[in-house]
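Residue numbering for the sequence shown follows my numbering, beginning at 1 and increasing consecutively. Ideal Cβ positions, reconstructed from N, Cα and C, are used throughout, including at glycine. These numbers were taken from a predicted model, which means no experiment stands behind them.
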Amino acid sequence: MNSEQRQIVFLCVSYLLSYPDEQWAESLPDCLEAIRSLEDETVRTPLLAVAEQLAATSARERMEQYVETFDFGKKTNLYLTYMTNGEQRERGIELVALKARYEAAGFAVSDRELPDYLPLMLEFLAYAEEPHAISLLADYAGHIREIGERLAAAGSPYVQLFETLDVTFIQLGVTPIPKGSATAWLANFSG
């Protein structure tokens, strides 16, 4: 998969993992068109299945499903540092370091969302140079895969988005840092 196709994958997954409000619904046809342009069937097919399923679902039902899955599901929320640190002080330190990593790669982060919010991270990955993307993914791919495993266990249709990400990570040659490596993210942060 070339960088343009990878960018489409990251941006579409970011979009599909965002809260499905009215503005979201207005952009869905553009997302569907981008997904259909993907050459790699292993990523196009599951992305298209999720996008089409969400398009066929009523706005209210989409929002309720999203909130139930990601906002009420502590184990499936989309804030990656929450998985390891909860609300502890260490999370704040990791968030500051993560924001600095984005900025060092030339990505401006607004204060509207925390830097560990997966849709924001995927936007960064879509535009970051490959070394920055791979370094970040080495630290967080394990967390992303864990959310996917939890969604699979719950039978969530969103699991297909995480399967798509996993395929993309493998194609990038990303090796997640093993669990229990509490300072691993600091080791990879060199600015």
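Burial state of residue i (16 or more Cβ within 10 Å)
i	result
residue 41	exposed
residue 169	buried
residue 27	exposed
residue 96	exposed
residue 6	buried
residue 62	buried
residue 131	exposed
residue 187	A caution first: residue 187 carries a pLDDT of 40, below 50, which makes its placement in the model unreliable, though a value can still be read off. Exposed, since its Cβ has fewer than 16 Cβ neighbours within 10 Å.
residue 67	exposed
residue 101	buried
residue 72	exposed
residue 53	exposed
According to DSSP, residues forming a beta bridge with residue i
i	result
residue 117	79
Element boundaries [alpha helix (DSSP H), containing residue i]
i	result
residue 66	59-66
residue 39	Neither: residue 39 is in no alpha helix (DSSP H) and is coded neither H nor E.
residue 71	Element bounds for residue 71: n/a, residue is neither H nor E.
residue 166	159-172
Same chain, Cβ closer than 6 Å to residue i, five either side skipped, listed in chain order
i	result
residue 43	9, 164, 167
residue 156	69
residue 140	80
residue 120	113
8 Å CB neighbourhood of residue i in its chain, flanking five on each side removed
i	result
residue 31	12, 15, 16, 51
Point to revise | Contiguous alpha helix (DSSP H) assignments of at least 4 residues, all confined to the region 106-151 | key: Runs of the alpha helix (DSSP H) inside the region 106-151: 118-127.
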